[in-house]
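**Q** Here you go, one structure.
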Amino acid sequence: MKYLGSAIAPLIIFQLVGCADFARWARQYTYPPEFRYVERDEIRSTMRQLASQSRALNQLVHSAAEPQAQRTEILTHLRAMERSAEKLDQSGWSSNHPKIDMNLPRFRADLKLAREAVEREPPNFLLAGSVGGACVYCHGASPREP
Numbered sequence: 370m371k372y373l374g375s376a377i378a379p380l381i382i383f384q385l386v387g388c389a390d391f392a393r394w395a396r397q398y399t400y401p402p403e404f405r406y407v408e409r410d411e412i413r414s415t416m417r418q419l420a421s422q423s424r425a426l427n428q429l430v431h432s433a434a435e436p437q438a439q440r441t442e443i444l445t446h447l448r449a450m451e452r453s454a455e456k457l458d459q460s461g462w463s464s465n466h467p468k469i470d471m472n473l474p475r476f477r478a479d480l481k482l483a484r485e486a487v488e489r490e491p492p493n494f495l496l497a498g499s500v501g502g503a504c505v506y507c508h509g510a511s512p513r514e515p
């Protein structure tokens, strides 16, 4: 019975550590304060939002209707993409995803330039059309249609 207790105790401890999100707690002591650890789920969620917004933006810019008539909706999608991209770069410090660190500043600058071009009088939709395909920077292929 004594051996059974000594075998069960570590199992209980390991289960508690696993359920308590030990990795998140340990990261605060193992990474420097200026380093931002981005969770995989956070990246996937944000990338899905960007993909959805990009797809909608592409459809608006390349639709048969005149882009001028859809200017407000195009601006809405560009602003939403800017907010989504900002989620990945909240601290401005490096993260555990070097590809994102390398490409995100350029992507955010492109989004800002595209939004400013659409806000001007007369509006210019050329940059908004190219931002829709900016996934190629990181992913190396054009975005897939659903």
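For the working numbering, add 369 to where a residue sits in the sequence shown, where the first one is 1. A virtual CB, placed ideally from N, CA and C, is assigned to each residue, including glycine. Since we're looking at a predicted model, the values are computed, not measured.
(1) With a threshold of 8 Å on Cβ separation, who are the neighbours of Ala-449 within its own chain once the five nearest residues in sequence on each side are excluded?
(2) Does the separation of the CB atoms of Ala-486 and Asn-493 fall below 8 Å?
(3) So, at 6 Å on beta carbons, what are the nonlocal neighbours of Asp-458 in its own chain, with the 5 sequence-adjacent residues on each side left out?
(4) Where Arg-440 and Asp-410 are concerned, what is the direct C-alpha to C-alpha distance, given to the nearest angstrom?
(5) Would you kindly work out how many angstroms separate the C-alpha atoms of Glu-435 and Ile-443, rounded to a whole number?
(6) Would Arg-475 pass as a contact of Glu-451 if the rule is Cβ separation under 8 Å?
(7) If you draw a straight line from the C-alpha of Leu-429 to the C-alpha of Pro-467, how long is it?
(8) What does the Cβ neighbour count give for Val-500, buried or exposed, with the cut at 16 atoms within 10 Å?
(9) Could you give the C-beta distance for Arg-484 and Leu-426, rounded to a whole number, given that I count them as a contact under 8 Å?
(10) Please report the Cβ distance between Gly-509 and His-431, rounded to the nearest whole angstrom; I am assuming they are in contact, meaning their Cβ atoms lie under 8 Å.
(11) By Cβ distance below 6 Å, which residues in the same chain neighbour Leu-496 in space, the five residues on each side in sequence not counted?
**A** On the basis of the coordinates in this document:
(1) Annotation for Ala-449: Gln-418 and Gln-422 place their beta carbon closer than 8 Å to its own, counting only its chain and skipping 5 residues before and after.
(2) Ala-486 is a Cβ neighbour of Asn-493, given a cutoff of 8 Å.
(3) Contacts found: Leu-473.
(4) Just so you know, the alpha carbons of Arg-440 and Asp-410 end up roughly 32 Å apart.
(5) Inter-residue distance for Glu-435 and Ile-443 is about 12 Å (C-alpha atoms, whole angstroms).
(6) No. Outside cutoff.
(7) C-alpha separation (whole angstroms): 32 Å.
(8) Of the residues assessed, Val-500 falls on the buried side of the cut-off, its CB having 16 or more other CB atoms within 10 angstroms.
(9) The C-beta distance from Arg-484 to Leu-426 rounds to 11 Å, too long to fall under 8 Å, and the pair is not in contact.
(10) Between His-431 and Gly-509 the Cβ distance is about 22 Å, and since that is not below 8 Å, they are no contact.
(11) Counting only Cβ-Cβ distances below 6 Å, and skipping sequence neighbours, we find Leu-482, Ala-483 and Ala-486.
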